[in-house]
DNA sequence: AAGTAATCGAGACGGTACGTCCAGTCTTACA
DNA sequence: TGTAAGACTGGACGTACCGTCTCGATTACTT
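Protein chains in written order, with the working numbering: chain E, 1 to 212; chain X, 213 to 424; chain D, 425 to 636; chain W, 637 to 848.
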């Protein structure tokens, strides 16, 4: 994982160079995906010598990897008291992120690389976990409360929740409109077999609810 | 772009070179993703001069794109008479493909490229359509038959069906086991609000069945 | 020896690039010795891409070597009929060359490299031979004519002739004035044990003759 | 320049570091000539930090230069009472040194550098002087004794003596066999016009031996 | 069947990038 | 203060690839 290079006060220069390099790398990544990042260009853009870059990261891949890891979008775990409310917040947040530019443009690059490079696969796993953990936590918390069926695999619930969103963002490239997001949420609650349906409605608002 | 390489009887040599080039490209693509394909290597491997390759494809991207298009995995539209049966066949088939090596390893490359290159985005859209059309057809046919709720967007149904599968293959990298696939199928039928699904209730639990 | 790259009419570009590269290399060599030649700088200076340079010469050394070989200063063998006259012309010519800028500034570089690199040693040997052969020829011819003692090693005669000149140019860095050159010539003729001394004077003119 | 490294008691550490550095430098010089010495490698090899090296020598050249100076092969001035005897000892000693590994392998490096760097030229001059002074002393002593012709330039005599030896060692790379050395000595005595050399007019052959 | 034009291979060429090594300067922390 | 440790800029090395180019040798279609 490239070792965030212990920031012991040792040398401020180290910290400054590394920050500059990572920033430039991230910028280039946004512009052209992983493939659009070249060490030479990073060096040129941030004024840090190529040699210095290679002193801190053993290879271009390591640099990319590090830049990817920093991408972790910390999402606070909500606690509305009910599964529906929690998930609603989380899903809306995710949809917002997916609609924005930024990491959604890079992720396919990472996934592609992860397909072949074990190191990047590990980085991707970590990144993914940091992204999905709040969802998983919400679901597991609900299960502990007895709000959902005990025989449901929480990861499957999460899959049914975020899978369709991801699908629309990267595969079908259809818009992530509110109606779709609501419907997805609805379905996922069904999957969870949410016990107390009445409470769940509070979360959605717009949600039409399956029936009445 | 890429101009379908009209194989009009023009010259047999043309056809032969192009076939050889595409084959080598495809091979390299499987080995190392889009990034693993270099024109030099393609030339070396299939014995066709680099010049010739550039004579037929304006750029590396165009070649990749063309090779990707050939990847289209033709899926026959099943017709069991019922939505559940049709989808079952389709989903199982898709899951099988996702579990196999081959294009699942390449698709992220394409999606990544599509994120920035409009041409590749178009190619991806086409590829995607050819993959998903059978699903959409099945759903729409069911709707015409009145088997599912009319207020459901067919594309949303498809998303809830394949989204979770895709998610597991590329994002969470969890196994696509049979139980998961079954559950996904169940849920999707719920989403569709499939009529007369007495058996399906097992999936939803609380869900009292579609409509009414 | 890098193969002067047969100038078959194939491609004029090859000839042109190579000529430009060698010229720039030679120029840089004059300015800074072998050590002053960098492939990057050659490329920059003559407008030939570094890649192209490496296409024609496997390494920097090979390029240097080739440039050195081209340095051969063809000296015509004189024929005044007598050893003294021949040597006089040759020695004066050599002294002139030693006094001029140009290869005298580079030769130490080559000798140094030859001390460790067998390839360059070979190149140096060839260069040296082309430089000294006229001297050797003159001496051997004289021997065939019976003008000099038969028990003298021709190479030793040459050594006694050019050794002191070389010594002054590179080792003691004293000036190569006419008196010195004359004296050296005188001595060498002594070494040769030139038979007909009277004839030898014709060559020197200035030469005061040993004693009386 | 280079400031003779005054070993004033200042700090013992200084002396120790400098000695270690010079030793490592000399070692590297023997292995790969001047070009084979890199400050990094010196630092690595002798455990003295690069910074420290640059504190004591302003540049790589200065270090090389200093190391070269240490190379001075002190040659004792012989005194056999006669020029022939003195020169015989000196020349044999020089030939022995030339045949050995060590500085003969480095000198071309120095000469090359001296061709362009005035500082190194000065260092070379000094080194050269320390090497040739015994020869010059012997000749001048003989002249004072009246043993040789007064109209001969002593430096020319020295040139005729060591020039051929140097020539064979570095330029023609022919062996420095005893016969050659003897002949060179013979000739030089001729040049000197050693007194009472009735035979000398003959050039060679006739020469009845050194003197007397 | 010959002639003409399309097609081909071989590979030179200018560029950009890679990852390494070295020169020299500068900073920090320890004696 | 002198030293070790090592970060930093900058430049060169030799390699791989991209996309363009010129050349001469094969084809295949045409007359």
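C-beta: ideal position from N, C-alpha, C; glycine also.
Computed from a prediction, not measured in an experiment: that's the story for all the values here.
Return no unless some Cβ of chain E is closer than 7 Å to the Cβ of residue i.
| i | result |
| --- | --- |
| residue 347 of chain X | no |
| residue 395 of chain X | yes |
| residue 404 of chain X | no |
Whole-angstrom Cβ separation of residue i and residue j, contact assumed at under 8 Å?
| i | j | result |
| --- | --- | --- |
| residue 727 of chain W | residue 788 of chain W | That pair is no contact at about 17 Å. |
| residue 600 of chain D | residue 592 of chain D | 6 Å |
| residue 46 of chain E | residue 14 of chain E | Rounded, the Cβ-Cβ distance is 14 Å, inconsistent with contact. |
| residue 370 of chain X | residue 344 of chain X | 6 Å |
| residue 517 of chain D | residue 499 of chain D | 6 Å |
| residue 237 of chain X | residue 249 of chain X | 6 Å |
| residue 715 of chain W | residue 722 of chain W | 7 Å |
| residue 213 of chain E | residue 126 of chain E | In the structure displayed, chain E extends from 1 to 212; residue 213 of chain E sits before or after that span and is not available. |
| residue 165 of chain E | residue 187 of chain E | At roughly 12 Å, the Cβ-Cβ gap does not stay under 8 Å, so residue 165 of chain E and residue 187 of chain E are not in contact. |
| residue 536 of chain D | residue 753 of chain W | With a Cβ gap of about 14 Å, residue 536 of chain D and residue 753 of chain W do not count as contacting. |
Report the neighbours of residue i on chain E: residues whose CB is nearer than 8 Å to its CB, in chain order.
| i | result |
| --- | --- |
| residue 355 of chain X | The contacting residues do not exist; residue 355 of chain X stays about 16 Å from chain E at best. |
| residue 337 of chain X | 173 |
| residue 399 of chain X | 160, 187, 190, 191 |
Along chain D, in chain order, which residues have C-beta atoms closer than 8 Å to that of residue i?
| i | result |
| --- | --- |
| residue 804 of chain W | 583, 587 |
Since residue i meets chain X, which of its residues come closer than 7 Å, beta carbon to beta carbon?
| i | result |
| --- | --- |
| residue 174 of chain E | 367 |
By Cβ distance below 6 Å, which residues in the same chain neighbour residue i in space, the five residues on each side in sequence not counted?
| i | result |
| --- | --- |
| residue 114 of chain E | 120, 121, 124 |
| residue 533 of chain D | 457, 458 |
| residue 103 of chain E | 71 |
For chain X, is any of its Cβ atoms less than 7 Å away from the one on residue i?
| i | result |
| --- | --- |
| residue 147 of chain E | no |
Report all residues from its chain with a CB closer than 7 Å to the CB of residue i; omit the five preceding and five following residues, and keep chain order.
| i | result |
| --- | --- |
| residue 686 of chain W | 675, 676, 679 |
| residue 347 of chain X | 302, 370, 373, 374 |
| residue 594 of chain D | 532 |
| residue 786 of chain W | 779 |
| residue 463 of chain X | Nothing about residue 463 of chain X can be reported from this structure: the residues present for chain X run from 213 to 424 only. |
Could one say the Cβ of residue i lies closer than 7 Å to chain W's Cβ atoms, at least one of them?
| i | result |
| --- | --- |
| residue 443 of chain D | no |
Identify the contact partners of residue i in chain X, using a Cβ-Cβ distance below 9 Å as the criterion.
| i | result |
| --- | --- |
| residue 128 of chain E | 383, 384, 385 |
Excluding five sequence neighbours on each side, which residues of the same chain lie with their C-beta closer than 8 Å to the C-beta of residue i?
| i | result |
| --- | --- |
| residue 525 of chain D | 454 |
| residue 440 of chain D | none |
| residue 774 of chain W | 713, 714, 719, 722, 723, 726 |
| residue 366 of chain X | 348, 351, 352, 355 |
| residue 28 of chain E | 36, 37, 38, 41, 42, 45 |
Using a Cβ-Cβ cut-off of less than 9 Å, give me the residues of the segment 445 to 471 of chain D that come near chain W, in sequence order.
-> Listed by position along the chain: 455, 456, 457, 458, 459, 460.
Proximal residues, the segment 91 to 120 of chain E versus chain X, C-beta separation under 7 Å = Under the 7 Å Cβ criterion, the segment 91 to 120 of chain E contributes 105, 108, 109, 111, 112, 115, 116.
Return the residues of the segment 684 to 700 of chain W that lie within a Cβ-Cβ distance of less than 9 Å from chain D, sorted by chain order.
-> From the segment 684 to 700 of chain W, no residue has a Cβ closer than 9 Å to chain D.
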